[in-house]
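Visitor: Residue 12 is where the sequence shown starts when you use our numbering, and the numbers rise one by one after that. Provided herewith is a single structure, encoded as structure tokens, for subsequent inquiry.
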Amino acid sequence: MAMAMARKVTEIADKTLSQYPPVTEIEQSAEKAVLVHLHFGRVRDEESLSEFDLLARSAGVQPVAIVTGSRRAPDPGLFIGKGKADEIRRILEETHSSLVLVNHAISPVQERNLERALKCRVLDRTGLILDIFAQRAQSHEGKLQVELAQLRHLSTRLVRGWTHLERQKGGIGLRGPGETQLETDRRLIGVRIKALRSRLEKVRKRRFERRKSRHKVPVETVSLVGYTNAGKSTLFNRLTGADVYQADKLFATLDPTMRRLELPNAGRVILADTVGFISHLPHSLVEAFQSTLEEVSDASLLLHVVDIASERRDENIEQVNAVLEEIEASDVPQILIYNKLDLTERGPGIERDERGVVTKVRLSAQTGAGIDLLVQAMDEHFSRLRVRQLIRIPVSQGGLRARIFQHFNVLHETMQENGDWLMELEGNHADVAWLNRQSEYSASMTA
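Here it is in structure tokens:
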């Protein structure tokens, strides 16, 4: 009975939400749009405007005009002010456009007032990013995460101009302080959000169980992180031979992908390609994708991919580090990967700190130049963590011996008179910690 009631509530919620145009829906065809960007203060951030233009094109929008302006503070009612609103309305009429994209986070009231003044749909930066995420999500988990973020965004924007939202339920014997349609919609959205959170919690638990199973026979994980469109997926494909979708778009890859990678001396690691970050990434998106980003915080090493040809590379590095701190991954060891070397005149190379540890690698994922240096850097990193151990395996534990050959570098092996194996092996600290939890052998450290 309870499950049937829950399904019924979900059906009602979906039906109710489908009555109005989705706030973040943009047609896949090249819909004409006017971009709006305001400068607050003395500094003019032209790079942020160019990034917003690329965001719009990544969503399948054709920008026909860019309207800029300077203000000390946003207008409380229209955000952009009445004069700019009149200018944009004229451009909309001349270009026959039906969409306005604002490169800022605007309040629900400001969005409603702008739509009334301009007589067209208005999306802020958060709404645009949500739309791109909705287009890119492929996996079941990714779709759940995007829907959760969209509904959270929509729940604050049920102040739009449809009159049915202001009517109360009435009729003979039903007049009085009933529940408004707006309140009903908000309640049903809340029910749907609660259901999505529950489903994502189950996904998170399954991911945790998979991570626990990996820890039983530990394999180091390397996560690719970085600003969106820095070339992470191209680098991932170059290293692993995978066929992950790559394109010169923001957020071309949304769902995480994991592949095995064999290093010359350190052995097998797991390489993970994750979602790219961006400036002013909505906190709701970081929270919604928490279960995915846990793969980053749980990694043994982060490869922070940077577009070396970008004039904003230092700012992009700061933005990524800020998100890493937010998801509690700032303490994970990190190597900076300066990618897109083919767009500059510099050659591939490695930079080290005063201890001789690799901190930066210059390469081109597109051409493959410097990829060998990156493999060398990862190999050095994990080889430094490797220790040697002398162990004795009883003759009855042939299965354990086989697993040791899979996950360790066996340097020397001899068979004792009683049939036991005496093995000298090399592995990282995580491997040795797993091995020390086994009770079928006796061990002593040799190095």
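The beta-carbon is built from N, C-alpha and C at its ideal position, and this holds for glycine as well. Computed from a predicted model, the values in this text were never measured in an experiment.
1) Might you give, ordered along the chain, the residues of its own chain that have their beta carbon closer than 8 angstroms to the beta carbon of Thr-106, omitting 5 neighbours on each side?
2) Determine the contact status of Thr-285 and Ala-376, defining contact as a CB-CB distance below 9 angstroms.
3) Going straight from the alpha carbon of Thr-355 to that of Val-316, what length do you get?
4) Nearest-angstrom Cα distance between Ser-311 and Asn-124?
5) Could you tell me whether the region 430–444 touches the region 403–421, using the rule of 3 or more Cβ pairs below 8 angstroms?
6) Could you spell out where the alpha helix (DSSP H) holding Pro-119 opens and where it closes?
7) Please say whether Arg-217 and Gly-379 have beta carbons closer to each other than 9 angstroms?
8) Who pairs with Glu-371 in a beta bridge, going by DSSP?
9) From Ala-333 to Asp-325, what does the alpha carbon distance come to, in whole angstroms?
10) What alpha helix (DSSP H) runs, 4 residues minimum, are completely inside the region 56–113?
11) Rounding to the nearest angstrom, what Cα-Cα distance links Asn-429 and Asp-442 in this structure?
12) Does the contact criterion of 3 or more C-beta pairs under 8 angstroms hold for the region 358–375 versus the region 386–397?
13) Could you check the C-alpha separation between Leu-422 and Val-368 for me, to the nearest Å?
14) So, helix, strand or coil for Phe-503, using DSSP?
15) If you follow the beta strand (DSSP E) that Glu-424 is part of, which residue opens it and which one closes it?
16) Distance check for Asn-420 and Ala-277, CA to CA, integer angstroms please.
17) Considering only residues of the same chain and omitting the five flanking positions on each side of Ser-109, which have a CB-CB separation below 6 angstroms?
18) If you scan the region 377–417 from start to end, which runs of the beta strand (DSSP E) of 3 or more residues do you find wholly inside it?
19) Closest to Asp-342 by CA distance: which of Val-307, Leu-65 and Ile-99 is it?
20) With a threshold of 16 other CB atoms inside 10 Å of the CB of Leu-374, please say whether the residue is buried or exposed.
21) Give the straight-line distance between the Cα atoms of Gly-237 and Gln-345, rounded to the nearest whole angstrom.
22) Out of Ala-206, Thr-425, Gln-73 and Lys-243, which one is the CA nearest neighbour of Asn-350?
23) Measure the CB-CB distance between Ala-283 and Val-331 and report whether it falls below 9 angstroms.
24) Let me confirm a value: His-392 is counted as buried when at least 16 other C-beta atoms fall within 10 Å, else exposed. Which label applies?
25) Can you list, in chain order, the residues of its chain whose CB lies under 7 angstroms from that of Thr-425, leaving out five sequence neighbours each side?
Guide: According to the structure data:
1) Here the question's residue 106 lines up with position 95 in the sequence shown. Sequence-distant partners of Thr-106 (beyond 5 residues in either direction) whose C-beta falls short of 8 angstroms from its own C-beta, in its chain, are Lys-43, Val-45, Val-75 and Ala-76.
2) As a position in the sequence shown, residue 285 is number 274, starting the count at 1. As a position in the sequence shown, residue 376 is number 365, starting the count at 1. Contact annotation: Thr-285 and Ala-376 have beta-carbon atoms that are not nearer than 9 angstroms.
3) Here the question's residue 355 lines up with position 344 in the sequence shown. Here the question's residue 316 lines up with position 305 in the sequence shown. Answer to the nearest angstrom: the Cα atoms are 16 angstroms apart.
4) Counting from 1 along the sequence shown, the entry for residue 311 is found at position 300. Counting from 1 along the sequence shown, the entry for residue 124 is found at position 113. In this structure, the CA atom of Ser-311 is about 49 angstroms from the CA atom of Asn-124.
5) The region 430–444, when compared against the region 403–421, does touch it at the 8 angstroms Cβ threshold.
6) Position 108 of the sequence shown, counted from the first residue, corresponds to residue 119. From DSSP, the alpha helix (DSSP H) with Pro-119 extends over 119–129.
7) Here residue 379 corresponds to residue number 368 of the sequence shown, with the count starting at 1. Here residue 217 corresponds to residue number 206 of the sequence shown, with the count starting at 1. No Cβ-Cβ contact shorter than 9 angstroms links Gly-379 with Arg-217.
8) Locating residue 371 in the sequence shown gives position 360, counting from the first residue. Rather than Glu, the amino acid found at residue 371 in this sequence is Lys. In the DSSP output, where bridge partners are listed per residue, Lys-371 has Leu-347 and Glu-362.
9) For the purposes of this step, residue 333 is identified with residue 322 of the sequence shown, where counting begins at 1. For the purposes of this step, residue 325 is identified with residue 314 of the sequence shown, where counting begins at 1. If I take the Cα positions, the gap works out to 12 angstroms.
10) Correct list: 57–69 and 93–106.
11) In the sequence shown, residue 429 corresponds to position 418, counting from 1. In the sequence shown, residue 442 corresponds to position 431, counting from 1. C-alpha separation (whole angstroms): 27 angstroms.
12) Yes: the two stretches touch, three or more of their Cβ pairs being nearer than 8 angstroms.
13) In the sequence shown, residue 422 corresponds to position 411, counting from 1. In the sequence shown, residue 368 corresponds to position 357, counting from 1. The straight-line gap separating the alpha-carbon atoms of Leu-422 and Val-368 is approximately 26 angstroms.
14) Nothing in the structure corresponds to residue 503, since the chain is present only between 12 and 458.
15) Along the sequence shown, one-based indexing puts residue 424 at 413. Looking at the DSSP string, the run of the beta strand (DSSP E) that includes Glu-424 is 420–426.
16) Within the sequence shown, residue 277 is the residue found at index 266, counting from 1. Within the sequence shown, residue 420 is the residue found at index 409, counting from 1. Roughly 8 angstroms between the two C-alpha positions.
17) Walking along the sequence shown from the start, residue 109 turns up at place 98. Same-chain partners within the cutoff: Cys-131.
18) Whole beta strand (DSSP E) segments, 3+ residues: 397–404.
19) Locating residue 342 in the sequence shown gives position 331, where the first residue counts as 1. Checking every option, the nearest Cα to that of Asp-342 belongs to Val-307.
20) Looking up residue 374 in the sequence shown gives position 363. Label assigned to Leu-374: buried.
21) The residue you call residue 237 lines up with position 226 of the sequence shown. The residue you call residue 345 lines up with position 334 of the sequence shown. In this structure, the alpha-carbon of Gly-237 lies about 11 angstroms from that of Gln-345.
22) The residue given as residue 350 occupies position 339 in the sequence shown. Ranked by Cα distance from Asn-350, the first of Ala-206, Thr-425, Gln-73 and Lys-243 is Lys-243.
23) Within the sequence shown, numbered from 1, the residue matching residue 283 stands at position 272. Within the sequence shown, numbered from 1, the residue matching residue 331 stands at position 320. Cβ distance not < 9 angstroms, so Ala-283 and Val-331 don't count as in contact.
24) Here residue 392 corresponds to residue number 381 of the sequence shown, with the count starting at 1. Burial call: buried.
25) Residue mapping note: residue 425 aligns to position 414 of the sequence shown, counting from 1. Leu-433, listed in sequence order.
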